[in-house]
Ligand code: FPP
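In my numbering, the protein residues as written are 29 to 286.
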């Protein structure tokens, strides 16, 4: 009897979720959702577990979030997985995080391929361990012909460095006569950033109660809607993503107008 009740409860929960998904799909969904996945360490600490246990749990949430975003028709999901400042963390933690892309893609790449997800990465590749880069590049290659959700990992990414590098490229093109000062505008400058393939995020989500951008997409987030939640990333679930999108759908975006 107890088992039957559990099964019933489970199926009603998922049908409620399905209704919510359908409701949200009736209105425009954000084309580009960017997430600062924060709170893995605190999640682990609360359970007297090592910090890396929080990162492992966080990896599972990446899968669920990707699948739901794809289902909703989100075009790009950018996930801040490792910043250029995160190298300051203890060596064992950095090494563990660097193993996660291979573990994640080793387990879920077939599911991503099947669901038409295209994997991309932005960040400084040359400092990544070979095994990390190899796993990502394999996924990029195997999903390059997919045209569903773009799952964009921000890995060893830092926005100030990205902007400075863009400035250097602009100066170089100007020196070589490829770009004239008069032709430099916001759109052209954007094409020098790591995000040149993507539209700016419509919605930024940050978990864990921290209200800051932490050097993430500073140029690209100029007009994005921001949504912060106290929920720690390993506890972030489908309902939380739907809530964020629902709030987004109720906001009026003015882009500086009235
Ligand atoms: C921030 O939480 C989280 C990170 C720096 C790592 C995020 C990585 C994942 C969620 C897994 C990524 C998975 C793949 C597939 C690349 P924190 O450690 O700063 O948490 P705290 O603020 O509570 O200490």
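Note that beta-carbon positions come from the ideal geometry of N, C-alpha and C, so glycine has one too.
In whole angstroms, what is the alpha-carbon distance linking residue 46 and residue 90? 19 Å
For residue 165 and residue 182, what's the separation of their Cα atoms in angstroms? 14 Å
Where residue 284 and residue 174 are concerned, what is the direct C-alpha to C-alpha distance, given to the nearest angstrom? 35 Å
Does the beta carbon of residue 285 fall short of 6 Å from some heavy atom of ligand 3? Among the ligands modelled here, namely ligand 1, ligand 3 does not occur.
Can you tell which of 104, 222, 125, 105 has its C-alpha closest to the C-alpha of residue 114? 125
Should residue 64 and residue 108 be called a contact, given that it needs their Cβ atoms to be closer than 7 Å? yes
Assign residue 65 to one of three DSSP states: helix, strand, or coil. In the structure shown, residue 65 adopts coil according to DSSP, grouped into three states.
Have a look at residue 190 and residue 154 and give me their C-alpha separation to the nearest angstrom. 14 Å
Length of the line joining the Cα atoms of residue 178 and residue 145: 6 Å
Provide the residue(s) that pair with residue 255 in DSSP beta bridges, ordered along the chain. 233
For residue 159, the residue or residues it bridges with in DSSP: Partner(s): none; residue 159 has no beta bridge.
DSSP state of residue 107 mapped onto helix, strand, coil: Here residue 107 sits in strand by DSSP.
For residue 112 versus residue 205, is the C-beta distance shorter than 7 Å? no
How many angstroms separate the CA atom of residue 215 from the CA atom of residue 273? 27 Å
Answer yes or no: the CB of residue 81 versus the heavy atoms of ligand 1, is any distance below 6 Å? no
Looking at the secondary structure, which residues open and close the alpha helix (DSSP H) in which residue 126 lies? 119-142
Please report the residue range of the alpha helix (DSSP H) in which residue 194 lies. Residue 194 -> alpha helix (DSSP H) spans 187-203.
Should the segment 83-98 be called in touch with the segment 195-210, which here means at least 3 C-beta pairs below 8 Å? no
Give the C-beta separation of residue 156 and residue 147 to the nearest angstrom, bearing in mind that I take them to be a contact with Cβ-Cβ under 8 Å. Not really, about 15 Å apart at Cβ, beyond 8 Å.
Please tell me whether, using a cut-off of 6 Å, the distance from the CB of residue 16 to the nearest non-hydrogen atom of ligand 1 is below it. No statement about residue 16 is possible, as the shown extent of the chain runs from 29 to 286 and does not include it.
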